[in-house]
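**Q** All you need for our numbering is the position in the sequence shown, starting with 1, plus 134.
Idealized CB from N, CA, C, for every residue including glycine.
All figures in this text were calculated on a predicted structure; none of them were measured in a lab.
Here's a structure for you.
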Amino acid sequence: MQLPVIIVGGGLGGLATAVRLAAQGRRVILCEQNERVGGKLNLHQADGYTFDTGPSLLTMPWVIRDLFAVAGRRMEDYLCLEQVEPTCRYFWPDGTRFDAWQRLPQLIQEIERISPADVPNFFRFMAHTARIYDAVAGPFLLRPFDGLRELITPTMVRHALRIDALRSVDAAVRSFFRSPYLRQLFNRYATYNGSSPYLSPATFNLIAYIELAEGGWYVRGGMYQLAVALARLATELGVELRVRAPVTEVIVERGLACGVRLADGCLLPAAAVVINADPLYACERLIPGFQREANRLARFDPSYSGVVLFLGVEGDFPQLAHHNIFFSADYSAEFRAIVHERQPALEPTIYVAATCRSDPAHAPPGHMNLFVLVNAPADDGRIDWEAVIPAYRDHIIARLEMMGLSGLRQSIRYSHHWTPRDLARRYNAAFGAIYGLSSNSPLSAFARPPLRVRRVRGLYFVGGGTHPGGGIPLVLLSGQAVTARIVADQPL
Ligand SMILES: Cc1cc2nc3c(=O)[nH]c(=O)nc-3n(C[C@H](O)[C@H](O)[C@H](O)COP(=O)(O)OP(=O)(O)OC[C@H]3O[C@@H](n4cnc5c(N)ncnc54)[C@H](O)[C@@H]3O)c2cc1C
Numbered sequence: 135m136q137l138p139v140i141i142v143g144g145g146l147g148g149l150a151t152a153v154r155l156a157a158q159g160r161r162v163i164l165c166e167q168n169e170r171v172g173g174k175l176n177l178h179q180a181d182g183y184t185f186d187t188g189p190s191l192l193t194m195p196w197v198i199r200d201l202f203a204v205a206g207r208r209m210e211d212y213l214c215l216e217q218v219e220p221t222c223r224y225f226w227p228d229g230t231r232f233d234a235w236q237r238l239p240q241l242i243q244e245i246e247r248i249s250p251a252d253v254p255n256f257f258r259f260m261a262h263t264a265r266i267y268d269a270v271a272g273p274f275l276l277r278p279f280d281g282l283r284e285l286i287t288p289t290m291v292r293h294a295l296r297i298d299a300l301r302s303v304d305a306a307v308r309s310f311f312r313s314p315y316l317r318q319l320f321n322r323y324a325t326y327n328g329s330s331p332y333l334s335p336a337t338f339n340l341i342a343y344i345e346l347a348e349g350g351w352y353v354r355g356g357m358y359q360l361a362v363a364l365a366r367l368a369t370e371l372g373v374e375l376r377v378r379a380p381v382t383e384v385i386v387e388r389g390l391a392c393g394v395r396l397a398d399g400c401l402l403p404a405a406a407v408v409i410n411a412d413p414l415y416a417c418e419r420l421i422p423g424f425q426r427e428a429n430r431l432a433r434f435d436p437s438y439s440g441v442v443l444f445l446g447v448e449g450d451f452p453q454l455a456h457h458n459i460f461f462s463a464d465y466s467a468e469f470r471a472i473v474h475e476r477q478p479a480l481e482p483t484i485y486v487a488a489t490c491r492s493d494p495a496h497a498p499p500g501h502m503n504l505f506v507l508v509n510a511p512a513d514d515g516r517i518d519w520e521a522v523i524p525a526y527r528d529h530i531i532a533r534l535e536m537m538g539l540s541g542l543r544q545s546i547r548y549s550h551h552w553t554p555r556d557l558a559r560r561y562n563a564a565f566g567a568i569y570g571l572s573s574n575s576p577l578s579a580f581a582r583p584p585l586r587v588r589r590v591r592g593l594y595f596v597g598g599g600t601h602p603g604g605g606i607p608l609v610l611l612s613g614q615a616v617t618a619r620i621v622a623d624q625p626l
């Protein structure tokens with residue numbers, strides 16, 4: 135019988151790899167330590183409320199469609215993706231509001247309403263970011279690289295001039311837009327990969343392009359349905375999904391990965407091992423002799439983490455759309471606190487998702503389920519989150535009340551929270567970082583460990599901690615890239 139490929143971790147990267155390998159006739163066992171697969175895309179249910187605990191917005195839906203297609207299936211038979219209108223409702227402390235519509239005429243009307251001069255600037259910005267997307271998609275996203283040498287090709291050098299990597303997201307956004315509101319709104323896209331708009335290269339303005347040109351999507355029934363669908367597909371293809379199966383060690387013999395040891399002592403032999411767990415954690419805890427690589431990774435800035443509140447509230451806050459952002463008055467101060475001082479921001483920007491707007495069953499009748507997310511510093515152990523969280527939670531709720539959700543505190547019927555330390559513990563995510571290493575410098579991509587683990591044959595990384603990076607579509611593309619490498623290294 136064929137030795138299986140063993141996947142350590144059932145996040146989206148692990149699931150995508152499992153599906154792709156199984157679709158090519160490989161035997162696959164996936165071991166997930168938690169009670170459910172999905173990783174950071176997960177679910178919290180209590181007192182009649184349902185909350186997605188991680189991603190709330192999906193971009194590049196064609197990546198998911200492709201994944202089903204390689205398995206000879208139609209995505210629509212497993213999942214229903216919907217565009218949410220508006221994609222996001224923005225609130226500012228001075229009372230200004232902006233609806234980011236997916237329909238272009240409405241979006242333009244909104245831009246015209248708050249800053250008529252910026253309408254042509256918006257089109258110039260979209261043309262500019264479209265060119266970046268065009269240059270980046272091939273070499274970085276669709277064909278992630280194993281190292282610097284692979285990337286320096288004549289085509290890439292030519293393309294490098296077009297990707298706007300030498301100034302920050304903020305500098306580029308300022309050069310296009312006059313309105314402080316639009317500047318803050320477009321800067322926010324840098325946070326989609328856990329970075330600061332004041333540090334990360336302007337290349338990441340392509341995130342705005344991707345969302346505005348291709349749309350922002352929601353999975354009917356809740357984002358967790360994506361994990362459910364991928365688990366179903368994997369099972370149909372013969373993948374053995376084991377939950378509550380923590381891996382404690384990758385077995386390496388004579389430079390070759392040949393199995394894993396589970397927490398219950400069981401040994402699983404393998405033809406290859408794919409680590410979907412965080413690479414820094416894996417180098418420290420799972421791969422023997424990799425402490426030096428762990429030390430190297432620990433020298434780079436992690437992406438930031440988050441404080442999450444799960445609030446079940448009675449009544450309706452009619453001003454809330456499905457996705458909402460309550461901006462701070464001073465965005466740069468916020469990133470200074472989180473990135474440089476490693477402190478929670480005093481005046482944080484607050485994201486609120488009310489999935490009950492699209493899925494009424496996510497809250498009891500007459501109630502709302504509010505998923506509240508605030509960017510927070512990566513957990514380097516200096517903050518005693520358990521001590522800090524009660525006051526910080528109150529502060530967040532007070533800010534939301536001040537910005538229009540009056541009576542919020544009184545209407546809370548269910549409350550739960552996660553701190554950066556909870557995220558670290560739950561997923562073995564180093565520093566509780568949501569997106570692996572930060573992308574706060576043009577060279578950050580080169581700091582990420584390659585898909586093929588160096589020095590150990592048959593050992594691979596997949597997911598947000600490796601290439602091309604974090605976020606649902608990139609993590610799924612990582613599964614595609616690692617599968618290609620495994621198949622090339624070990625033809626059937
Ligand atoms: C609050 C939050 C909001 C987000 N918002 C968005 C968004 O709106 N849009 C978007 O695209 N992305 C978003 N993301 C990011 C997105 O969720 C991640 O980039 C993606 O889900 C990461 O997938 P992954 O496969 O790389 O890893 P993970 O999801 O981290 O999966 C790794 C898995 O490995 C398991 N594991 C770890 N160690 C072991 C072990 N020893 N043995 C067995 N299993 C192990 C973990 O339990 C976990 O299930 C968000 C994330 C969070 C937390």
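Among the residues of its own chain, which have a CB less than 7 angstroms from the CB of Met502, if the five just before and after it don't count?
**A** These residues qualify, in order along the chain: Val447, Asp450, Phe451, Ala488, Cys490.
**Q** For Pro331, which residues in the same chain have their Cβ closer than 6 angstroms to its Cβ, ignoring the five residues on either side in sequence?
**A** If we look at Pro331 and ignore the five residues flanking it on each side, its Cβ neighbours are Val303, Asp304, Asn321, Ala324.
**Q** What is the residue span of the beta strand (DSSP E) that His457 lies within?
**A** Looking at the DSSP string, the run of the beta strand (DSSP E) that includes His457 is 457-460.
**Q** Can you tell me whether DSSP reads Ala365 as helix, strand or coil?
**A** Ala365 falls in the helix class under three-state DSSP.
**Q** Would you kindly work out how many angstroms separate the C-alpha atoms of Asn574 and Leu454, rounded to a whole number?
**A** Straight-line Cα distance between these residues: approximately 32 angstroms.
**Q** Just to confirm my understanding: we take Arg197, look at its own chain, exclude 5 residues before and 5 after, and list those with CB closer than 7 angstroms. What are they?
**A** Residue identity differs from the one stated: residue 197 is Val in this sequence, not Arg. Around Val197: Pro607, Leu610, Leu611.
**Q** Should Arg426 be labelled buried (16 or more other beta-carbon atoms within 10 Å of its own) or exposed?
**A** That one is exposed.
**Q** Please identify the residue among Gln217, Arg208, Gln477, Gly182 whose C-alpha is closest to the C-alpha of Thr193.
**A** Comparing Cα-Cα distances from Thr193 to each of Gln217, Arg208, Gln477, Gly182, the minimum goes to Gln217.
**Q** Does at least one heavy atom of ligand 1 sit under 7 angstroms from the Cβ of Ile198?
**A** It does not: the Cβ of Ile198 is nowhere closer than 7 angstroms to a heavy atom of ligand 1.
**Q** Would you call the CB atoms of Ile140 and Val394 closer than 8 angstroms?
**A** Yes. Within cutoff.
**Q** Let me check understanding here. Comparing Cα to Cα, which of Glu219, Asp211, Gly349, Ile344 lies closest to Ala261?
**A** For the residues Glu219, Asp211, Gly349, Ile344, the minimum Cα distance to Ala261 belongs to Ile344.
**Q** If we count the other Cβ atoms within 10 Å of its Cβ and call it buried at 16 or more, is Arg208 buried or exposed?
**A** Arg208 comes out exposed.
**Q** Quick check: is any heavy atom of ligand 1 less than 7 angstroms from the C-beta of Cys165?
**A** Yes.
**Q** Compare the Cα-Cα distances from Leu414 to each of Gly399, Ala397, Asp435, Tyr526 and report the closest residue.
**A** Answer by Cα proximity: Asp435.
**Q** Is Ile484 near ligand 1, judged by its Cβ being under 7 angstroms from some heavy atom?
**A** No - ligand 1 has no heavy atom lying nearer than 7 angstroms to the Cβ of Ile484.
**Q** Taking 7 angstroms as the cut-off, is the beta-carbon of Leu175 closer than that to any non-hydrogen atom of ligand 1?
**A** Yes, ligand 1 has a heavy atom inside 7 angstroms of this Cβ.
**Q** Strictly by DSSP, which residues pair up with Val142?
**A** Cys165, Ile409.
**Q** Let me know the secondary structure DSSP gives Cys417 once reduced to three states.
**A** Three-state result, Cys417: helix.
**Q** Measure the Cβ-Cβ separation of Leu146 and Leu164 and say whether it is below 8 angstroms.
**A** Taking 8 angstroms as the Cβ cut-off, Leu146 and Leu164 do not qualify as a contacting pair.
**Q** Please confirm whether any heavy atom of ligand 1 lies closer than 7 angstroms to the CB of Pro189.
**A** Yes, ligand 1 has a heavy atom inside 7 angstroms of this Cβ.
**Q** Quick check: the Cα distance between Ala510 and Gly389, rounded to an integer number of angstroms?
**A** Spanning the two alpha carbons is a distance of roughly 39 angstroms.
**Q** To the nearest angstrom, how far is it from the Cα of Ala156 to the Cα of Phe274?
**A** If I take the Cα positions, the gap works out to 25 angstroms.
**Q** What first and last residue would you give for the beta strand (DSSP E) that runs through Thr382?
**A** Run containing Thr382: 381-387, per the beta strand (DSSP E) assignment.
**Q** DSSP state of Trp235, grouped into three classes?
**A** Coil.
**Q** Can you grab the Cα-Cα spacing for the pair Ser540 / Leu534, in whole Å?
**A** Distance between the alpha carbons of Ser540 and Leu534 is about 8 angstroms.
**Q** Judging by CA-CA distance, which residue of Ser190, Pro583, Ala180 is the nearest neighbour of Trp351?
**A** Per the Cα distances, Ser190.
**Q** Roughly how many angstroms lie between the CA atoms of Tyr569 and Pro583, to the nearest whole one?
**A** About 14 angstroms.
**Q** Any heavy atom of ligand 1 within a distance shorter than 7 angstroms of the CB on Leu445?
**A** Outside the cutoff, so no.
**Q** Measuring only from the beta carbon, is Leu557 closer than 7 angstroms to any heavy atom that is part of ligand 1?
**A** Yes - ligand 1 has a heavy atom lying nearer than 7 angstroms to the Cβ of Leu557.
**Q** For Ile472, which residues in the same chain have their Cβ closer than 7 angstroms to its Cβ, ignoring the five residues on either side in sequence?
**A** Taken in chain order, the residues that qualify are Tyr438, Ala479, Asn509, Ala510, Pro511.
**Q** Give every residue of the same chain whose Cβ lies closer than 8 angstroms to the Cβ of Val270, excluding the five residues on either side of it in the sequence, and list them in chain order.
**A** His293, Ile297, Thr337, Leu340.
**Q** Report the start-end ranges of each beta strand (DSSP E) in the region 202-249 that is 3 residues or longer and not cut off at the edges.
**A** Listed in chain order, they are 215-217, 222-225, 231-234.
**Q** With C-beta atoms as the reference, is Phe232 less than 8 angstroms away from Glu244?
**A** Their beta carbons are under 8 angstroms apart, which means Phe232 touches Glu244 by this criterion.
**Q** In whole angstroms, give me the CA-to-CA distance for Ala579 and Ser572.
**A** Cα to Cα, Ala579 sits roughly 9 angstroms from Ser572.
**Q** Does the separation of the CB atoms of Asp412 and Gly599 fall below 8 angstroms?
**A** Yes.
**Q** For Ala261, name the three-state secondary structure that DSSP assigns.
**A** Residue state, collapsed to three classes: helix.
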